[in-house]
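Working notes for the structure below.
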Amino acid sequence: GGREVVGSADVKPWDDETDMAKLEEAVRGVAMEGLTWGTKLVPVGYGMSKMQIMLTIVDDLLSVDDLIEDHLCAEPVDEFVQSCDIASFNKICTPSVSF
105 GGREVVGSAD VKPWDDETDM AKLEEAVRGV AMEGLTWGTK LVPVGYGMSK
155 MQIMLTIVDD LLSVDDLIED HLCAEPVDEF VQSCDIASFN KICTPSVSF
């Protein structure tokens with residue numbers, strides 16, 4: 105199998121009028137093989153919040169760039185999302201030889 109990539113991304117709404125519950129519903133509606141994730145809302149000031157996504161992907165099945173460009177910044181999610189920025193990503197390497 106592929107290696108797991110663990111990371112987080114910040115999803116920013118268009119403005120303080122954006123319905124964050126609908127934004128989260130739209131983002132969580134993206135279901136793909138090799139993807140698991142969780143979300144939390146983080147206040148950023150001026151009455152606005154961003155959604156922080158914690159995710160794990162299997163890199164043989166899915167790339168982070170494809171997830172963001174083709175799903176999180178595309179219809180129908182882009183109705184709620186202004187931008188999606190990668191905060192951190194780390195590949196988890198597992199040895200192919202067991203000891």
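Each residue of the sequence shown is one higher than the one before, counting from 105 in this note's numbering. From the three backbone atoms N, C-alpha and C, an ideal C-beta is built for every residue, glycine too.
Taking DSSP's pairing of strands, which residues face residue i in a bridge?
i    : result
F184 : In DSSP, F184 forms no bridge with anything.
I161 : V109 and L139
D189 : D114
I172 : Answer is none; I172 lacks a bridge partner.
G149 : M152
Starting from the C-beta of residue i, find all residues in its chain whose C-beta is less than 7 Å away, skip the five residues before and the five after it, and write them out in chain order.
i    : result
C177 : V185 and C188
C197 : R107
From this set, the options, which residue's C-alpha is nearest residue i's C-alpha?
i    : options                   : result
F193 : P180, D174, D182 and V168 : V168
E121 : M158, D174, A191 and S153 : S153
S112 : L145, D182 and L159       : L159
W141 : W118, E128, V181 and E183 : E128
In terms of residue numbering, what span does the alpha helix (DSSP H) encompassing residue i cover?
i    : result
E129 : M124 to R132
Assign residue i to one of two classes, buried (16 or more other C-beta atoms within 10 Å of its C-beta) or exposed (fewer than that).
i    : result
I172 : buried
V181 : buried
Here's a check: name, in chain order, each residue in its chain whose Cβ is nearer than 6 Å to the Cβ of residue i, leaving out the five neighbours to either side.
i    : result
I190 : A113
V134 : H175
Please return the same chain residues whose Cβ sits closer than 8 Å to the Cβ of residue i, not counting the five positions on each side in sequence.
i    : result
Q156 : S112, A113, D114, V115, T143, K144, L145, V146 and A191
D123 : F184
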